[in-house]
Amino acid sequence: MDFNFFIGLIAATFRVATPLIYGTLGELFCERAGILNLGIEGTMFIGSFVGFAVADATGSLWLGVLAAVVSGMLGGLIMSLFAVRLGVNQHVSGLGTTLLLTGLSLFLFRVVYGIQRIQPAIKPFQALSPFDDLPVLGPIFQQYALTYIAILLIPLAWWVLYRTNFGLSIRSVGENPEAADAAGINVYRVRTIALMIGGGLMAVGGAFLSIGQLGSFTFGIISGRGWVCIALIIFANWLPSRVLWGALLFGLIEALQLRLQTTGLKLPYEAFLALPYIVTIIALAIAGRNATGPAAVLKPYKRE
Amino acid sequence: MFAVEMRGIVKRFGDLVANDHINFELKQGEVHALLGENGAGKTTLMRILYGLYHADEGSIFVNGQQVSITSPKDAIALGIGMVSQHFTLVPPLTVAENVVLGYNPGIRLNPQQIQRRVAEAAERFGIEVKSDALVRHLSVGERQRVEILKALYRNARVLIMDEPTAVLVPQEVDILFETLLRLQREGLSVVFISHKLNEVMTICDRITVLRNGKNVGTVFKQDVSQSKLAQMMVGRETFGVTRQGERIQGEPVLRIENVSAVDNKGLPALKSVSLEVASGEILGIAGVSGNGQSELTHVLSGTMKPTSGKILVDGQDITGADPATITCAGVGRIPEDRHGGVVGELTVAENMTLETLDEYTQNGMLDRKRMLEYTNTLIEEFQIKARPTDRARTLSGGNMQKLILARTLARQPKVVLAAQPTRGLDVGATEYVRKKLLEQRERGAAVLLISEDLDEIMALSDRIAVIYEGKIVGILDAHEATPEKLGLLMTGAREVVSHA
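Sequence lines, in order, name chains A and B. Its first residue numbered 2, the first sequence is counted upward by one per residue in the working numbering. Its first residue numbered 29, the second sequence is counted upward by one per residue in the working numbering.
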């Protein structure tokens with residue numbers, strides 16, 4: 002283990018954390034508005050598929066990202082139809098949304114690509130290297146544009162939530178929708194928009210995996226990252242700034258376990274794979290003890 | 029021209045007609061009371077005016093213009109503000125954020141700017157609040173002032189106050205009335221929803237009485253007496269239930285010695301509370317909501333463990349024991365939240381025998397026949413309007429409370445622990461519950477009555493203990509207690525050591 006090992010580890014940490022930052026920020030907007038969006042796993046999945054398919058068809062990776070955002074916003078709209086307009090139980094509507102979007106993505110993938118022996122692939126995003134000349138530390142900054150955007154989105158999310166009137170509306174409908182309603186705020190509209198913003202962000206997280214890192218779309222591409230985001234939001238105590246630390250912690254352990262697998266330690270590789278999840282559970286147990294989420298989460302709002 | 033005129037308002041909830049062709053007129057610059065029992069339709073009518081409900085029939089005029097109000101946003105635009113009984117504030121936000129919520133122009137939210145604006149508005153309207161404080165740190169009275177400020181900040185010319193005094197101590201009521209009268213002089217019209225006659229007579233110019241969803245009449249204050257109003261309200265003469273006769277000096281049955289406890293956040297909620305309740309007396313615990321009453325109830329019921337101290341019933345130590353043991357020791361509980369005291373999905377008979385199921389079990393099977401018989405006897409004795417096989421959740425609040433009373437009192441407990449026993453009940457049911465508590469006193473039970481209703485405490489108690497921030501700050505004999513004295517204690521203004 003030399004110094005380059007650590008530099009590589011840090012660089013990888015940010016890479017692994019990127020989809021988690023998008024997903025968790027997306028979930029943050031939903032939960033701050035009072036909706037637990039368990040549609041996150043499916044929303045990331047469809048973002049991953051749509052991003053890949055559109056990038057493949059148009060040849061433009063950025064058009065792929067844009068299309069993923071639109072698909073995620075539609076996913077948020079579906080979620081809002083059930084959880085907001087119809088007041089369906091949020092667990093049920095969220096899991097339903099995930100099942101629907103996952104199935105839809107797989108179906109459309111088959112429709113578009115059929116069954117091929119070779120996995121369809123595109124040329125993925127290239128990492129930027131703004132500080133290439135920087136000695137030693139340079140490789141840390143070799144990251145995708147989407148990673149830089151993810152990090153910039155964190156202060157932006159804070160600004161929207163805490164320094165705009167719309168953010169105040171989001172926070173109030175998530176804490177006490179009756180109060181927001183009595184103050185003349187359209188609770189349904191605010192929650193719907195929050196879900197759409199959230200869905201768009203989640204989908205970018207999914208698209209990052211298919212057109213950023215992998216250059217292809219596989220069925221196991223999300224593999225539970227959406228659920229990790231649900232845990233990270235608790236770890237972050239619903240604060241934008243702490244989203245970064247949660248995602249980086251998970252990213253670090255994930256990056257570490259990949260490297261540990263190659264060191265020849267005599268352990269079944271499943272033990273390494275489980276490591277990030279075990280650490281997440283422990284971190285949650287410690288940080289989540291006093292976590293209190295927005296008061297109105299899980300409660301459908303209905304006048305009368 | 030009226031500030032607000034409502035004509036022929038009808039509102040139905042399923043089979044229930046909450047508002048039955050109600051006409052209501054509010055003059056410019058008057059304080060107008062809407063008086064009536066719980067469920068008379070006062071709040072419903074005003075929620076229609078504020079756009080929270082939609083009337084099935086009828087029309088609304090504001091300043092002579094017919095208007096359509098479909099949401100609070102419309103009402104606010106028409107200069108109507110409402111302070112609900114359950115405050116519509118967002119506790120984790122600041123006062124300023126709550127006030128400007130949904131009413132701040134532009135995109136950006138500048139904390140300093142809105143704090144300054146709200147502070148200016150507070151000064152202009154003479155309402156004392158700190159604009160940068162978090163609402164969750166405010167007292168109930170302060171929260172109410174935030175609500176009033178919120179309405180005025182939105183340029184309300186009509187202010188609806190729904191039971192504003194229910195949560196206040198007497199001194200805060202005085203401040204509220206001063207504020208309202210000053211705002212009235214500045215041209216504000218106020219609708220004052222209440223069921224308290226003395227308050228209505230103090231502050232209002234005109235009074236509209238509702239009964240069973242109908243308008244019984246609108247009168248000028250100077251033309252009526254309190255008893256006339258009471259008669260209009262309930263449709264019959266009322267008889268207040270009060271304690272009769274002097275306390276028989278009994279032996280102490282319930283002894284609480286230096287009990288301390290922490291709340292679910294780990295903060296101290298009870299600080300070395302010591303009380304004695306003797307057989308044949310009612311000890312009332314007065315206090316503003318949230319000063320340790322809930323924790324005291326939980327500790328005595330066995331649903332929360334005290335951190336120190338001792339609780340004795342007839343010499344038997346029940347400190348930290350589980351609820352079943354405490355029940356067996358002779359403590360009967362009337363819980364704070366009656367919906368938490370019954371299991372809604374179970375039948376009346378099952379709920380009635382819930383605490384004593386062992387007695388109805390034979391070879392591991394429930395003896396349904398005996399359960400039904402027992403329940404039928406109690407239904408008759410306690411005049412419960414329900415069948416033994418009805419699900420408990422279908423019962424009205426009054427009948428649900430009677431079920432709990434029957435279950436608890438039929439076992440003739442040595443100690444009766446009654447927490448907020450009449451909260452949310454109508455006059456008839458309230459009278460019934462109070463009568464039953466006095467019967468327990470006659471029978472020789474030691475009754476601990478925890479209530480936020482001062483009138484109730486004063487009407488029933490032999491001695492009154494005041495709890496403030498988890499401490500007993502004074503114990504007064506009933507005859508030396510006045511609302512003013514109790515009010516001072518309840519706000520922590522001073523401590524009184526009495527000889528009682």
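Yeah, the Cβ is synthetic: ideal placement off N, Cα and C, and Gly gets one too.
If you draw a straight line from the C-alpha of residue i to the C-alpha of residue j, how long is it?
i                           : j                         : result
glycine 348 of chain B      : isoleucine 339 of chain B : 8 Å
glutamine 91 of chain A     : glutamate 125 of chain B  : 28 Å
isoleucine 50 of chain B    : alanine 194 of chain B    : 25 Å
leucine 153 of chain A      : glycine 289 of chain A    : 25 Å
glutamate 512 of chain B    : proline 198 of chain B    : 7 Å
asparagine 379 of chain B   : valine 371 of chain B     : 7 Å
asparagine 291 of chain A   : aspartate 291 of chain B  : 14 Å
serine 170 of chain A       : threonine 98 of chain B   : 20 Å
proline 20 of chain A       : glycine 60 of chain A     : 22 Å
serine 300 of chain B       : glutamate 279 of chain B  : 23 Å
proline 120 of chain B      : proline 295 of chain A    : 9 Å
leucine 106 of chain B      : glutamate 409 of chain B  : 53 Å
phenylalanine 89 of chain B : asparagine 243 of chain B : 18 Å
valine 501 of chain B       : leucine 482 of chain B    : 16 Å
Would the beta-carbon of residue i fall within 8 Å of that of residue j?
i                         : j                         : result
alanine 68 of chain B     : leucine 257 of chain B    : no
proline 296 of chain B    : serine 288 of chain B     : yes
isoleucine 478 of chain B : isoleucine 313 of chain B : yes
glycine 43 of chain A     : glycine 76 of chain A     : yes
leucine 250 of chain A    : isoleucine 155 of chain A : no
arginine 35 of chain B    : serine 87 of chain B      : yes
tyrosine 181 of chain B   : valine 118 of chain B     : no
glycine 216 of chain A    : alanine 122 of chain A    : yes
valine 85 of chain A      : alanine 68 of chain A     : no
alanine 179 of chain B    : valine 111 of chain B     : yes
glycine 252 of chain A    : alanine 18 of chain A     : yes
Check for me: the beta strand (DSSP E) holding residue i runs from which residue to which?
i                         : result
valine 501 of chain B     : 499–505
isoleucine 188 of chain B : 186–190
glutamate 304 of chain B  : 296–306
glutamate 285 of chain B  : 280–290
leucine 340 of chain B    : 336–341
With 16 other CB atoms within 10 Å as the buried threshold, where does residue i fall?
i                            : result
phenylalanine 108 of chain A : exposed
glutamate 255 of chain A     : buried
histidine 367 of chain B     : exposed
glycine 529 of chain B       : This structure does not reach residue 529 of chain B, given that chain B is present from 29 up to 528, and the question cannot be answered.
proline 241 of chain A       : buried
methionine 393 of chain B    : exposed
proline 363 of chain B       : buried
glutamine 223 of chain B     : The sequence shown places histidine at residue 223 of chain B, not glutamine. Label assigned to histidine 223 of chain B: buried.
glutamate 387 of chain B     : exposed
glycine 245 of chain B       : exposed
valine 93 of chain A         : exposed
phenylalanine 132 of chain A : exposed
methionine 518 of chain B    : buried
asparagine 286 of chain B    : exposed
valine 525 of chain B        : Confidence is the limiting factor: at valine 525 of chain B the pLDDT is only 49, short of 50, which leaves the residue's position unreliable, though a coordinate-based value still follows. So valine 525 of chain B counts as exposed.
glutamate 265 of chain B     : Reliability fails at glutamate 265 of chain B, whose pLDDT of 49 lies under 50, so the model's placement of it is uncertain and the value that follows must be treated cautiously. Its Cβ having fewer than 16 others within 10 Å, glutamate 265 of chain B is exposed.
arginine 152 of chain B      : exposed
Consider the C-beta atom of residue i and the heavy atoms of the ligand FAD; say whether any pair is separated by less than 7 Å.
i                        : result
threonine 436 of chain B : No copy of the ligand FAD appears in this structure; indeed no ligand is present at all.
In this structure, how does DSSP classify residue i when only helix, strand and coil are distinguished?
i                         : result
lysine 39 of chain B      : strand
isoleucine 478 of chain B : strand
valine 17 of chain A      : helix
glutamine 94 of chain B   : strand
alanine 68 of chain B     : coil
tyrosine 131 of chain B   : coil
leucine 250 of chain A    : helix
glycine 152 of chain B    : The displayed chain sequence assigns arginine, not glycine, to residue 152 of chain B. DSSP places arginine 152 of chain B in helix when its eight states are reduced to three.
At least one CB of chain D closer than 8 Å to the CB of residue i: is that the case?
i                         : result
isoleucine 503 of chain B : Checking the listed chains, one finds no chain D in this structure; the protein chains it contains are A and B.
In the DSSP assignment, find the unbroken alpha helix (DSSP H) run with residue i in it and report its ends.
i                         : result
aspartate 48 of chain B   : Per DSSP, aspartate 48 of chain B belongs to no alpha helix (DSSP H); it is in the beta strand (DSSP E), 44–54.
arginine 213 of chain B   : 198–213
glycine 168 of chain A    : 166–176
isoleucine 235 of chain A : 226–236
asparagine 427 of chain B : 425–437
arginine 421 of chain B   : Per DSSP, arginine 421 of chain B belongs to no alpha helix (DSSP H) and is neither H nor E.
lysine 513 of chain B     : 511–518
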